[in-house]
Every structure is written in structure tokens, then in C-alpha cells.
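Numbering-wise (this note's numbering), the sequence shown opens with residue 61 and increments by one.
These notes are about the structure you will find just below.
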Amino acid sequence: MEPFNPSNFLVLVVDDLNINLQIVGAILDSEGYATTFATNGQQALSRMKNAQPDLVLLDLMMPEMDGFQVCENLRSNHDRSEIPIIFLTASQEQKHLLQAFDRGAVDYITKPFNPPELLARVKTHLELKHTRDELKKAVAELEKLATTDSLTGIANRRSLLLMGENEFLRARRYNRQLSVLMLDVDRFKQINDTYGHAVGDEALTAIAKAIVSTLRKGDCFGRFGGEEFLAFLPETGLDAAVEVANRIRTTIAELSLFSGKKQVQMTISIGVTECSENDIKVDTAIQRSDAGLYHAKHRGRNLVVAISPTDSKTSYL
Ligand SMILES: [Mg+2]
């Protein structure tokens with residue numbers, strides 16, 4: 061983590077008295093903080109939007125819109141809800157402080173200002189925010205690593221199955237349609253053996269990208285393993301799913317990938333099924349789509365084979 065450096069932080073100071081802005085500004089400046097100012101609530105809200113400060117020092121008593129209202133407005137806006145707000149209060153206003161914390165302030169500083177105290181409080185809350193932001197970044201990064209297939213950038217098996225499980229439960233609960241596609245690149249080993257693994261990797265990446273662009277936004281798609289992909293299509297019955305699968309199949313057959321001057325031919329076989337109320341878990345439907353894939357391979361590849369839940373009640377459950 062980077063060490064704390066005041067010049068990386070912008071502090072918005074809001075006060076209806078210019079002299080207060082000057083005093084606080086000078087204190088912050090002495091430590092190296094970047095500062096921006098507002099003399100009323102409206103101005104403060106627009107500074108928040110345009111300047112995106114890291115912390116707000118907010119005067120409690122101001123004409124028209126007081127500090128409470130500004131604070132509430134900032135807190136109700138999600139984008140700015142995590143910015144620390146410190147109230148600036150005259151000592152006779154202390155009885156209002158509980159109210160200030162209620163509305164989302166993290167701290168308060170009383171006037172007249174004591175520079176070391178002001179700087180200490182500002183630093184504490186900026187450090188907290190900084191740590192929180194870094195932690196959030198790290199968590200997001202870890203989450204991405206844990207759910208993404210590193211080669212293709214699409215969902216990995218674990219997160220794909222989790223999404224599929226969720227879609228399955230949702231479809232059951234609301235009695236909605238859900239289809240499953242199992243996709244497998246034809247003769248992938250041959251591509252690897254002929255052109256090398258780097259080209260094989262390129263082929264997988266190009267195929268994944270092409271499938272993503274064919275699917276709709278709400279569809280779940282990921283790498284099931286090796287050269288095998290899996291897709292869940294919510295709100296889609298078997299016939300519509302077969303259409304989607306055929307569109308994917310033709311898109312892949314038309315992809316052009318070159319190894320030197322040689323064009324790498326790529327095709328894909330797809331097994332399709334839809335979930336039924338008899339499916340106890342999503343795995344049952346996945347196995348059925350896999351059976352469709354098996355038939356597609358045996359009937360010559362570059363094919364889509366659909367298996368309806370009623371066809372397969374006995375053979376694939
Ligand atoms: Mg005031």
C-alpha cells in the first residue's frame with residue numbers, strides 16, 4: 061500500500077463565512093492537502109459532483125441549506141455516500157452534534173479552530189478512507205481472479221456453475237424457461253498438435269469472444285473446462301435455444317484465425333436442452349445438454365443436437 065501523502069487528497073471546505081474558509085484553508089495548505097471551497101449548501105453539492113473531494117469539512121450553521129441538509133443530501137446519493145464528512149461547529153452548537161452523527165457525520169471540529177487537532181482528525185479519516193478504498197480494490201481484484209478464467213477472461217467453471225444454479229432456482233421459483241447449452245470445440249487437439257498451443261489458446265480466446273457477442277446480456281456463459289464451454293439462457297425455451305446454438309455454430313465456422321499463412325479451421329458442436337420441473341438440480345439439465353453434445357460429436361460434428369426433457373426422462377436423469 062502507498063504511504064499516506066496529503067497532496068493526494070482533496071478536501072472540500074464548506075462555510076458561509078469567508079474568514080473561516082481562509083483559516084481552514086491555510087491550516088490544510090500548511091500540511092500539503094489540496095483544497096476546494098464552497099460558501100453555501102448548493103455550491104457544496106455541485107463541488108462534490110465536479111471536484112470529487114476525498115473529505116468534506118462542513119459548517120453546521122449556514123443560511124438557506126444548513127449542514128444537516130447538505131449531509132443528508134450527500135449521504136442519500138450512493139456515489140458520494142462513503143466520503144467522510146466532518147462538521148465544523150461553534151461551541152454553542154454542541155447540542156446538535158448527536159443529530160449530526162445521526163445524519164452520517166464521522167466527526168466534528170469546534171470553532172475556534174485548533175490547527176493540530178483539525179489536522180489530526182482530517183488525517184485519521186482520510187487514512188481510514190484510504191485503507192477502505194485499497195481494501196475494496198484488493199477484494200474486487202481477488203474476486204475477479206477467483207471467478208474469471210485467466211486465458212479467455214470469461215467466467216470460470218466455479219462461478220459459471222454458481223450462476224447456473226442461481227438461474228435454475230430462479231426459473232423454478234417463478235416457473236420460467238431456462239435453457240442450457242454445452243459447447244465443445246471440434247478436434248481441438250488437432251489444432252494444438254498442428255499449430256502449437258499458442259494458436260490453440262488463441263483459438264479458444266477467439267471462440268469465447270465470438271460466443272459472448274452472440275449471446276444476450278442476461279445469458280450466463282463461461283469455460284467449463286479445456287475446450288468446453290457452457291451457457292445458461294434465461295427466459296428461453298428449447299426451440300429458441302436451438303436457434304441461438306445454430307447462430308453460435310455458424311459464427312464459429314466463419315471465424316478466421318491464421319497461423320502464419322495457414323487459416324485455422326474452427327467448428328463447434330453444441331448440445332442443447334431446457335430445464336423442466338422434473339429436474340431436481342441444475343446438474344441434471346447440464347448432463348442432458350452433455351448427452352446432446354455427445355450425439356452431435358458422433359453424428360459428424362459442427363452440429364447442434366437438442367434433447368428435450370421428455371425425450372430423456374429415463375435415459376439421462
Ligand atoms: Mg456558519
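Where a beta carbon is used, it is the ideal one built from N, C-alpha and C, also for glycine.
The beta carbon of Met121 sits closer than 7 Å to at least one heavy atom of ligand 1.
Ala291 sits away from Asp299, with the two beta carbons spaced by 8 Å or more. DSSP, reduced to helix, strand and coil, places Glu303 within a helical segment of the structure shown. Assigned with DSSP and collapsed to three states, Ile308 falls in helix.
Collapsing the DSSP output to three states places Pro294 in a strand. Its chain contains Gly224, Val240, Met242 and Leu290 as the residues whose beta carbon lies nearer than 8 Å to that of Ile346, once the 5 sequence neighbours on both sides are disregarded; these appear in chain order.
By the Cβ neighbour-count rule, Pro172 is exposed, with fewer than 16 other Cβ atoms within 10 Å of its own.
A straight-line Cα-Cα distance of about 23 Å links Leu220 and Lys357. By the neighbour-count criterion, in which 16 or more other beta carbons inside 10 Å mark a residue as buried, Val199 falls on the exposed side. In this structure Gly256 is exposed. Its beta-carbon is surrounded by fewer than 16 other beta-carbon atoms within 10 angstroms. In this structure, Phe281 lies away from Arg217, with their beta-carbon atoms at least 8 Å apart.
In the three-state scheme derived from DSSP, where H, G and I count as helix and E and B as strand, Lys341 is classed as coil.
The residue among Gly164, Leu88, His190 and Ala165 with its C-alpha nearest the C-alpha of Glu177 is Leu88. According to DSSP, residue pairing for Cys335 in a beta bridge does not occur. Note that the segment 187-194 does not touch the segment 158-165; fewer than 3 beta-carbon pairs, one per stretch, sit closer than 8 Å. Apart from the 5 residues on each side of it in sequence, Arg181 sits with its Cβ closer than 7 Å to the Cβ of Ile146, Asp167 and Ile169 in its chain, given in chain order. Distances between the C-beta of Leu77 and the heavy atoms of ligand 1 include at least one below 7 Å.
If you keep only unbroken alpha helix (DSSP H) runs of at least 4 residues inside the segment 174-220, you get 175-207. In the DSSP assignment, the residues bridged to Tyr168 are Phe147.
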